[in-house]
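Mapped onto this note's numbering, the consecutive letters of the sequence shown carry residue numbers 84 to 783. A virtual CB, placed ideally from N, CA and C, is assigned to each residue, including glycine. Below is one structure, written out as structure tokens; comments come after it.
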Amino acid sequence: MYISARERKILDILLSNDEGTTVGELAQQLDVSNRTIHRDLKGLEQILNDYHLRLVKKAGVGIRVIGEAEKKKELALHLFHLSHKEYTPEERQVIILIALLEATEPVKLLSLANDLNVTVATISHDLDKIDQMIEKYELSLIRRRGYGVEITGSESAKRRMMSELLFRHVDEHEFLSLMKESIQKKSSDTLNTVTEKLLGLVDKKKLAIIEQQIEQIKIKEELPFTFADSSYIALVVHLALAIERISQGESINFEQRYLETIQPTKEYKTAEKIARSLERAFRITIPKEEIGYITMHLMGAKLRDRQGYMLEEASFEIGIKAQELIRFVSAELHVDITNDYTLYEDLVIHLKPALYRIQHNMGIANPLLGKIMQDYPELFAVLEKGAKRVFPDVSVPKEEIGYLVLHFAAALLRKKKGLRALVICSSGIGTAKILATRLKKEIPDIAHMEQISVFELRNKDATRYDLIVSTVPIDGLAQPYFVVSPMLQEEEVMSIKQFLKNRNVVSSKEDVDGTSEKSYDVIKKMASIQKASETIFRILDGFMLQQVNSRSMKEVLAEACHQLWQKGVICDSEKVLAELLRREKLGGLGIPETPFVLYHTRSPAVFFPSFTIYRLAECQTVKGMHDQPVEVNTVLLLLAPDSASQEMLSVLSHISSLVIKDEDSVALFSKGDREQVHSFLSHHLEKFFMTIFNNNVRSE
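What follows is the structure, encoded as structure tokens:
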């Protein structure tokens with residue numbers, strides 16, 4: 084039976100959304116009228132009937148395809164294998180875009196029309212749409228009679244558009260399939276033409292070589308980041324595009340002044356290592372401008388590893404905004420989540436690269452936006468309002484608001500108790516959060532939920548979890564697991580609930596069998612609790628708050644280091660002082676909208692963690708973390724050994740968040756005496772320790 088391109092698209096949408104889609108939503112997605120959709124739906128009834136499926140229309144819900152899950156998969160597979168002799172306007176426009184972005188000279192309209200089996204007038208109409216699409220990338224469409232058509236603009240803008248086209252139209256599973264053998268692959272002949280053309284932008288062999296090079300850097304522990312899968316894939320694709328374009332003689336223009344400002348960063352040093360490795364692998368020269376471009380990508384990447392991250396200056400500045408946003412949402416929803424440190428930490432880790440991407444026009448994609456807005460309309464509206472208030476100088480797009488909703492939705496469901504669940508997700512924080520939130524909503528008995536990427540699975544003991552769900556199929560996993568959609572459909576929930584019900588019947592036997600296997604985990608948990616406890620003890624025992632009369636900031640720090648050396652906290656006061664001053668040169672340390680300057684370092688010359696405060700006799704002007712001058716009267720000094728554990732860094736990070744928790748805490752740290760500040764720290768660090776203790780005990 085013949086299925087038109089639009090009918091195929093409607094079926095794709097309906098089959099991927101079990102909860103219903105309205106006629107208006109379909110019309111909007113396909114850019115046609117409601118009447119056209121109603122007409123197409125009548126034609127779909129016979130197609131569905133052939134697969135023993137039917138359409139159900141319900142007011143307030145929309146249209147759904149009803150029938151056996153197996154039959155739905157059968158139809159979806161049939162649609163996937165259809166040869167695309169006809170394209171939807173959107174698919175056709177993507178194919179034209181690819182041709183123009185790859186072209187080194189103007190392309191004739193007649194040539195495009197012949198390739199796509201449409202009229203020149205249709206191509207001309209498509210180009211009108213493309214002209215609008217590329218405007219936000221600062222690209223231009225040049226059309227002249229007898230000349231043809233071409234896209235002009237900077238090389239970086241063209242690459243950005245190529246990357247976004249790839250990630251908007253190619254499933255992450257396809258990229259993972261190319262890079263990881265542990266994931267079940269689709270055969271290449273099942274890829275539709277649009278996907279094939281998009282994947283043609285990057286050489287598959289080069290993708291594999293690049294991934295191998297990055298893995299080698301990771302193995303040598305020269306990569307100081309742990310990426311979310313989506314950012315890892317984006318990095319590999321970005322590098323593949325760069326190598327393709329460098330090979331074609333295309334080059335990036337990069338502002339020299341900005342290049343100089345990012346060269347001291349750890350991201351630039353990592354980018355240099357990656358570039359040198361790729362130069363050897365592909366026998367090419369990668370210029371500094373390209374290294375700068377790789378650096379920007381690293382700065383905008385979603386991370387999974389928190390170690391040391393929360394103590395960076397930029398993280399501290401973002402922390403102020405995160406606290407403000409949490410307070411705003413708490414007030415609007417009348418729910419106090421201001422003490423949820425996990426939410427605070429998640430927001431800082433997410434917002435830092437997200438704001439970087441927004442400020443540098445790097446683009447943010449959120450394929451789950453429609454579903455998030457549908458499931459959390461009130462929370463979405465509150466966060467949209469909050470983002471405008473907290474970030475008045477930044478236009479935060481709806482896609483980013485959607486990701487913020489996931490963090491807050493997870494925080495609102497955090498207090499549930501019960502089972503241990505492992506969520507394996509290829510897309511990092513976005514889809515992992517929404518899947519985790521949906522799981523907790525549907526299965527309230529889940530108490531401990533861990534979210535990991537496919538790449539991290541090999542380091543996990545799967546037997547420790549009551550439930551394992553994944554958004555992609557995994558080969559070689561012995562434990563039972565569920566492959567689910569990020570939105571967790573009804574039949575998937577029912578299957579999981581039945582599995583858990585059956586599992587409970589034999590749980591007592593499993594508990595006995597697992598005793599010896601869990602003993603190592605118990606030791607690890609107790610060690611974690613002990614490290615946190617020791618850090619808190621050292622901080623509180625060594626806490627000092629004193630008035631200093633030194634005139635310069637260097638003198639204040641020298642006096643502080645000398646006292647800490649006398650107390651045995653550090654072994655070399657001059658070395659620690661030099662490191663603090665070096666840190667100061669890298670960027671401002673004044674905390675915006677507070678009277679504080681924060682100095683901190685990790686050093687081999689530090690024996691024990693330390694937090695001390697010094698009140699200045701007179702206010703001083705220092706450079707702020709936002710590069711503006713800040714008037715300060717209080718110096719905060721945080722020190723940690725170079726070999727600081729994750730638990731120690733978490734405690735120090737928590738202290739930094741307490742300083743800017745709210746107006747009262749800022750007032751206390753700027754005006755309170757030693758006893759008042761020590762009492763405040765003792766109270767909050769005890770609460771923080773109990774959270775660590777309960778998480779470790781509960782997760783058993």
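Rounded separation between residue i and residue j - CA only
| i | j | result |
| --- | --- | --- |
| I93 | V567 | 22 angstroms |
| R122 | E102 | 22 angstroms |
| G391 | Y424 | For G391, the pLDDT reaches just 46, beneath the cut-off of 50, and the residue's location in the model is therefore unreliable, although a value from the coordinates is still provided. So the alpha carbons of these two residues sit roughly 16 angstroms apart. |
| V139 | T554 | 27 angstroms |
| L318 | E298 | 12 angstroms |
| I369 | I579 | 50 angstroms |
| S536 | T235 | 38 angstroms |
| L628 | E407 | 27 angstroms |
| S686 | E657 | 12 angstroms |
| E714 | S739 | 19 angstroms |
| R757 | L764 | 10 angstroms |
| A437 | A641 | 37 angstroms |
| S611 | N542 | 18 angstroms |
| R147 | A159 | 15 angstroms |
| S616 | L550 | 31 angstroms |
| R175 | H490 | 36 angstroms |
| K608 | R328 | 49 angstroms |
| M216 | Q331 | 25 angstroms |
| D476 | D544 | 45 angstroms |
| V320 | I181 | 16 angstroms |
| I619 | V734 | 7 angstroms |
Heavy atom of the ligand COA within 7 angstroms of residue i beta-carbon
| i | result |
| --- | --- |
| I619 | The ligand COA is absent from the structure shown, which contains no ligands of any kind. |
Residue i (DSSP reduced to helix, strand or coil)
| i | result |
| --- | --- |
| L27 | Any property of residue 27 remains undetermined from this structure, which presents the chain solely from 84 to 783. |
| I213 | helix |
| E467 | helix |
| F784 | Lying outside 84 to 783, the shown extent of the chain, residue 784 is not represented and no answer is given. |
| R366 | coil |
| M627 | strand |
| A727 | coil |
| N542 | helix |
| A615 | helix |
| R243 | helix |
| N632 | coil |
| I96 | helix |
| G597 | Residue placement at G597 is flagged as unreliable, the pLDDT there being 44, under the threshold of 50; the coordinate-derived value follows with that caveat. Note: G597 maps to coil in three-state DSSP. |
| I529 | strand |
Member of the options whose CA lies at the smallest distance from the CA of residue i
| i | options | result |
| --- | --- | --- |
| H683 | R698, E662, L699 | E662 |
| Y427 | V412, K219, R440, A688 | V412 |
| C702 | L720, A723, A688, P678 | P678 |
| V488 | C508, R503, L416 | L416 |
| L195 | P189, I674, I206, A186 | I206 |
| E746 | E676, L672, L732 | E676 |
| L664 | L681, R89, T695 | L681 |
| L381 | E461, I401, A358, R366 | A358 |
| V718 | S478, G673, K706 | G673 |
| H531 | F538, R547, K371 | R547 |
| S237 | L248, G231, L184, Q729 | L184 |
| V742 | N197, H709, F694 | F694 |
| Y315 | V689, F690, E638, F538 | F538 |
| L452 | F463, N444, Q442, H443 | F463 |
| K191 | K156, V232, E173, G107 | V232 |
Bridge partners - residue i, DSSP secondary structure assignment
| i | result |
| --- | --- |
| V552 | V506, F565 |
| K141 | G145 |
| E233 | I225 |
| Q534 | V506 |
| R685 | A723 |
| T205 | None; T205 has no bridge partner. |
| P712 | K706 |
| I345 | The partner list for I345 (beta bridge, DSSP) is empty, contrary to what the question assumes. |
| V190 | V232 |
N- and C-terminal bounds of the beta strand (DSSP E) containing residue i
| i | result |
| --- | --- |
| E701 | 693-706 |
| G145 | 145-149 |
Limits of the alpha helix (DSSP H) - the one that residue i falls within
| i | result |
| --- | --- |
| N117 | 117-133 |
| H490 | 481-495 |
| E372 | 371-382 |
| T425 | 424-442 |
| K454 | 452-458 |
| R666 | 656-669 |
Residue-level contact to chain B via CB, residue i, 8 angstroms cutoff
| i | result |
| --- | --- |
| Y134 | The structure shown contains no chain B; it holds only a single protein chain. |
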